[in-house]
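Okay, so the sequence shown: first residue is -5 according to this note's numbering, each after it adds one. Glycine is no exception: its CB is placed at the ideal position from the N, C-alpha and C atoms. Just so we're clear, the structure is a prediction, and the values are computed from it rather than from any experiment.
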Amino acid sequence: MLEVIWKHALLRFTSRFILRAMSDGFSTWLEIDLEAIRNNIRLLRRITGTPIMAVVKANGYGHGAKETARACVEAGADWCGVARFEEAMALRKAGLNCRILVMGYTPPANLKNAINNNISLTIYDLELGETYPRMIKKSGGSLNIHIKVDTGMGRLGIRPEDALKLVEDLSACPGICVEGFCTHLSKADETDRFSTLKQLEIFTLLVETLQQQGMRPEIVHAANSAAALQYPESRFDLIRPGIAVYGLNPSNESPLPAGFMPALTWKARLTSKKVLPPGHMISYGGIYTTQSEEQIGVVPVGYADGFRRVAGEQVLLHGRRVDVVGRVCMDQCMIQISDLSDVQIGDEVILMGDQAGESISADEIARRWGTINYEVVCGLSNRLPRIYLG
Ligand SMILES: *Cc1c(COP(=O)(O)O)cnc(C)c1O
């Protein structure tokens, strides 16, 4: 046991060292701890006792889709879920051979590619239930599909009253294998349980009826992160966690249990500092003016990186919380650092993450921006270099 701990510590130490060398050349970058992601997958598995589809849409919620997907599979996820067909293809091209489900619309032009690459598609509309079989009859092969029912989300999904017939019809279609049956919950992350229980009741009844008629597809699924953690009855054969995989809370009302670890840290280096006289304007529009002699620093992060152009932003420097002053520009912003001494160009600035006991979470940033942590991490621009640890 001791040896394992020692090995792990050594590994962490070496990877931190390598990491430092990797980030040497960047002025701002993201560090993604893949061991945190593996930890979160293992925890989800332990808590729910259910196989996992790791949702890695939108570039793995900004964390990098293929790296995240690989870590999830290493930690025991059987499936990856994505929103779009091209996201699925990118995973296959990166060498991932886990099962993959496209949860959104796949234009029929991709059907052959879906079959050849063993990518499962979702049929959530009666029209697609006719188009796909017709197209496949022409091209041959066998397509795996999941049928999605709208039990209350009002987004994708056939009406519950159409579900049994569609499962029956598609099950009889040559070239179509109905492997999944699913729905999506709209309020699983809220305290009020009423509508989630209602959705689950509608869905469960359908599943039971399919079972009785000998038509129950192999994989029934409904749970996002919040549901997987809070509603054991939503787990069925597979859970579809996204936000929990990244160690972020589904909502304030549905925080993660202890043990989950946020995987992402956003860093930058101070690029300039100077002392300005009283009455000096800072940034476009001069909405901030120095009150007295003030030390002002420049951080090479702006709205083109996904750092919003709103008032009230803060970052960490030397383990202290400091205010962003003046407008956030496209690639840069200014910080008020009069209280700090010995500040040097190159010093590490944290936009999201921990520094010497102080911490800025994705939730805190979301609060500043009037949005949810999902949008914060998904909005991290592709131009930010991503460095993987673990
Ligand atoms: C995004 C998504 C998920 C994951 O939701 P989280 O709240 O991030 O866990 C699951 N299922 C579907 C259909 C989704 O679109």
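Below 8 angstroms between beta carbons: does that hold for residue i and residue j?
i, j, result
"Y126", "I113", "no"
"W73", "L90", "no"
"F254", "G236", "no"
"A350", "G291", "no"
"V316", "V309", "yes"
"M346", "I276", "no"
"K60", "L85", "yes"
"L137", "C171", "yes"
"A30", "V50", "no"
"G296", "C323", "yes"
"I26", "L374", "no"
"R263", "E342", "yes"
"R187", "G75", "no"
"V239", "M209", "no"
"G151", "K142", "yes"
"L28", "L383", "yes"
"A48", "C66", "yes"
Would you grab the beta carbon distance between residue i and residue j for me? Rounded to a whole angstrom, and I think it's under 8 angstroms.
i, j, result
"T185", "E247", "5 angstroms"
"Q330", "E288", "6 angstroms"
"D183", "S245", "4 angstroms"
"L120", "D156", "6 angstroms"
"I359", "V370", "5 angstroms"
Once the 5 residues before and after residue i are set aside, which same chain residues still bring their CB inside 8 angstroms of it?
i, result
"G70", "I35, R36, R39, I46"
"D231", "T44, P45, E212, I213, V214, H215"
"L334", "Q289, L311, H312, R314, V316"
"G169", "P127, I130, K131, G134, G135, S136, L137"
"P226", "T42"
"D299", "T22, D325, L374, S375, R377, L378"
"W363", "R302, V304, E369, V370"
"L164", "I117, G123, P127, I139, I141, I170, V172"
Quick check: what's the CA-CA separation for residue i versus residue j?
i, j, result
"K268", "L378", "26 angstroms"
"Q338", "W260", "19 angstroms"
"G174", "A252", "32 angstroms"
"T22", "A305", "21 angstroms"
"K106", "A217", "29 angstroms"
"G56", "Q207", "43 angstroms"
"A77", "R303", "28 angstroms"
"K159", "R32", "40 angstroms"
"M16", "R321", "31 angstroms"
"A166", "I130", "14 angstroms"
"T284", "E307", "17 angstroms"
"H274", "S286", "9 angstroms"
"N357", "P271", "First, the amino acid is wrong: residue 357 is Asp here, not Asn. For D357 and P271, the distance between alpha carbons rounds to 36 angstroms."
"L223", "N243", "11 angstroms"
"N367", "M83", "27 angstroms"
"Y282", "R361", "22 angstroms"
"I386", "P256", "This structure does not reach residue 386, given that the chain is present from -5 up to 384, and the question cannot be answered."
"E352", "I344", "10 angstroms"
"S219", "R14", "33 angstroms"
"T177", "E68", "27 angstroms"
Spatial neighbours of residue i within its chain, please: CB distance less than 6 angstroms, with the 5 preceding and 5 following residues excluded, ordered by chain position.
i, result
"L179", "T190, Q193, A221"
"L115", "V96, T100, A108, I139"
"G98", "A77, R78"
"G340", "R263"
"N111", "R86"
"F20", "P379"
Which residues in the same chain have their Cβ closer than 7 angstroms to the Cβ of residue i, if we skip the five residues on either side of it in sequence?
i, result
"P419", "The chain is shown only over -5 to 384; residue 419 falls outside these bounds and no answer can be derived."
"N53", "A59"
"Y278", "R321, C323"
"P102", "T125, Y126, M129"
Using a Cβ-Cβ cut-off of 8 angstroms, state whether residue i counts as contacting chain B.
i, result
"A52", "Protein chains in the displayed structure number just one, and chain B is not present."
Which residues are close to ligand 1, meaning CB closer than 5 angstroms to any heavy atom, in chain order?
-> Listed along the chain, these residues meet the criterion: V49, M97, H178, N218, S219, R234, P235, G236, I237.
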